[in-house]
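Q: Structure below; questions to follow.
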């Protein structure tokens, strides 16, 4: 085998390892969130949690995603994305393990924050890694990422109670097993973190401080926040809506399980479709129409499982929002900054949703007023999504502010160049940079053109 062939083979192997590492990491990003809900009553009773503490526990995910997600770009510049994702998985695993072993509320809450911080960091780092190592297959890899995320979300929610029953009702074991999954996910990143690609100090200047001066960053944050708000409202309140209209607890649980499970096939379809389109405005409007129809149907009180499934399809806004993080940027550094700003700001917006929905239900005594709030949120989603879905990048909006930005963009970054040394074209197909090529079935098939640069960091 020639040296060139050996080099290409090594790049292919590295690319597949990174793809597998991303999928395994994504499986873990929501386990700290969705594993608690099914056993929350037992946890609260066992630890003697007050109502305030229980409410804080249910609010911690959005607060942690907002705070720690916002810190991630700065941490990335210090550590590099691969090492930071390894640290995130370690935090996730340690937090999950500790909270499964404790017997008091303060330590349980603190360990939950540790675990959630790992998930928050992973939320921001993975889109950056996709942009960095798979610039021409961002659509396919976003599909892998969002699908694995949906699978992990559903499995943690569905399997925790059966695990608890198999463990003779021990909720400690039911929550602790998810730490093992985080340990497995860390294995490929132990190897990958030893060879962190060199970072461009020039492009690393792209940060949140510059993004907040662009309309596009705020549009992305608004779109991400609106879809997250609706998602958290539906996850928290859909069972109550169903029970209030005559469904049993078992029937409501079944509908919620199917509602959550639909995220898997939707995540397989939306990112490749979004990447193929010149702009994503048609998807933005289409999902908004489905939301409006689903909410209107739920307000009637009839055939609620049908309308619930329609809303579940409309929640394709989540993989669409993830896709926009790569489609609206040209460099990994910009993707990291946009991902951090969009997600942290978005989760702050989303955090008020379930509480406001519940207060409106309590004050009004029905569901009409709370659903009126969701219609307003959908209207805002159309406005922000219409702007965010257009063919533009955050770098384009920064361009009028001075020549220095243009100079920075003109310098190829080592982390976005392919293994052959050529930088990916940014003018093909759409504003994301280049149209991703795909293997049959939409899955990534890394080759030497997409393999990451593996230059040892100094």
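Numbering (the numbering used here), first residue to last: 25 to 482.
Every residue gets a Cβ at the ideal spot worked out from N, C-alpha and C, and that includes glycine.
The model shown is predicted, which means the values in this text are computed figures rather than measured ones.
1. When we look at the beta-carbon of residue 326 and count the other beta-carbons within 10 Å, is it buried (16 or more) or exposed?
2. For residue 202, which of helix, strand or coil comes out of DSSP?
3. Using 10 angstroms around the beta-carbon of residue 35, count the other beta-carbons present and answer buried if the total reaches 16, otherwise exposed.
4. Are three or more beta carbon pairs between the region 109 to 118 and the region 139 to 146 nearer than 8 Å?
5. Quick check on residue 324: buried or exposed, where buried means 16 or more other Cβ atoms within 10 Å of its Cβ?
6. Span of the alpha helix (DSSP H) holding residue 326?
7. Report back the beta-carbon spacing between residue 141 and residue 99 to the nearest angstrom; my notes put them in contact at under 8 Å.
8. Please look up how many angstroms separate the CB atoms of residue 105 and residue 55, rounded, as I've assumed it's under 8 Å.
9. Alpha carbon to alpha carbon, how far is residue 195 from residue 63?
10. What is the DSSP secondary structure of residue 236, reduced to helix, strand or coil?
11. Candidates 167, 275, 79, 59: which alpha carbon is nearest residue 205's?
12. If you run the structure through DSSP and keep just helix, strand and coil, what is residue 159?
13. Would you say residue 353 and residue 294 are within 8 Å of each other, going by their C-beta atoms?
14. Are the region 75 to 95 and the region 363 to 375 touching by the rule of at least three beta carbon pairs closer than 8 Å?
15. Report the three-state DSSP secondary structure of residue 301 (helix, strand or coil).
16. State buried or exposed for residue 69, treating a residue as buried only when at least 16 other CB atoms are found within 10 Å of its CB.
17. Report the three-state DSSP secondary structure of residue 348 (helix, strand or coil).
18. Give me the Cα-Cα distance between residue 389 and residue 241, rounded to the nearest whole angstrom.
19. Going by the beta-carbon positions, is the gap between residue 255 and residue 342 smaller than 8 Å?
20. Using the rule of at least 16 other Cβ atoms within 10 Å of the residue's Cβ for burial, across every protein chain shown, is residue 452 buried or exposed?
21. What whole-angstrom Cβ distance do residue 150 and residue 46 have, given they're in contact under 8 Å?
22. Note down, in chain order, each residue of its chain lying with its Cβ closer than 7 Å to the Cβ of residue 337, except the 5 sequence neighbours on either side.
23. Which of helix, strand or coil does DSSP assign to residue 256?
24. Can you find the residues in the same chain that come closer than 6 Å, C-beta to C-beta, to residue 332, ignoring five residues on each side of it along the sequence?
25. Would you call residue 370 buried or exposed, if buried means 16 or more other Cβ atoms sit within 10 Å of its Cβ?
26. Please classify residue 484: does DSSP put it in a helix, a strand, or coil?
27. Report all residues from its chain with a CB closer than 7 Å to the CB of residue 402; omit the five preceding and five following residues, and keep chain order.
28. Assign residue 354 to one of three DSSP states: helix, strand, or coil.
29. By a C-beta neighbour count over all protein chains shown, 10 Å radius and 16 as the cutoff for buried, is residue 160 buried or exposed?
30. Can you tell me which of the three DSSP states residue 272 falls into?
A: Here's the rundown:
1. It is exposed - the Cβ of residue 326 has fewer than 16 other Cβ atoms within 10 Å.
2. In the three-state reduction of the DSSP assignment, residue 202 falls in the helix class.
3. When all chains shown are included, residue 35 counts as buried.
4. The region 109 to 118 is in contact with the region 139 to 146.
5. Answer is exposed; the Cβ neighbour count stays below 16.
6. From DSSP, residue 326 is part of no alpha helix (DSSP H); its letter is neither H nor E.
7. Residue 141 to residue 99, Cβ: 11 Å. No contact.
8. With 8 Å as the limit, residue 105 and residue 55 do not qualify as a contact, their Cβ atoms being about 21 Å apart.
9. Taking C-alpha positions only, residue 195 is separated from residue 63 by approximately 7 Å.
10. In this structure, DSSP gives residue 236 a state outside helix and strand, which the three-state scheme calls coil.
11. Residue 59 holds the alpha-carbon nearest to the alpha-carbon of residue 205 among 167, 275, 79, 59.
12. The answer is coil: DSSP assigns residue 159 none of H, G, I, E or B.
13. For residue 353 and residue 294, no; Cβs fall outside 8 Å.
14. The region 75 to 95 is in contact with the region 363 to 375.
15. In the three-state scheme derived from DSSP, where H, G and I count as helix and E and B as strand, residue 301 is classed as coil.
16. Exposed.
17. It is helical.
18. So the two alpha carbons sit approximately 38 Å from each other.
19. Against a cut-off of 8 Å, the Cβ pair of residue 342 and residue 255 comes out as a contact.
20. Interpretation of residue 452 is limited by its pLDDT of 34, a score under 50 that renders its predicted location unreliable; no figure is taken from the coordinates.
21. About 6 Å separates the two Cβ atoms, so the contact holds.
22. Result list for residue 337: 286, 290, 314, in chain order.
23. Residue state, collapsed to three classes: helix.
24. Spatial neighbours of residue 332 in its own chain (CB-CB distance under 6 Å, excluding positions within 5 residues in sequence) are listed in chain order as 279, 283.
25. Buried: at least 16 other Cβ atoms inside 10 Å.
26. The question about residue 484 has no answer, for the chain in this structure spans 25 to 482.
27. Cβ within range, chain order: 312, 315, 316.
28. Here residue 354 sits in coil by DSSP.
29. Buried, by the Cβ-count rule.
30. DSSP places residue 272 in coil when its eight states are reduced to three.
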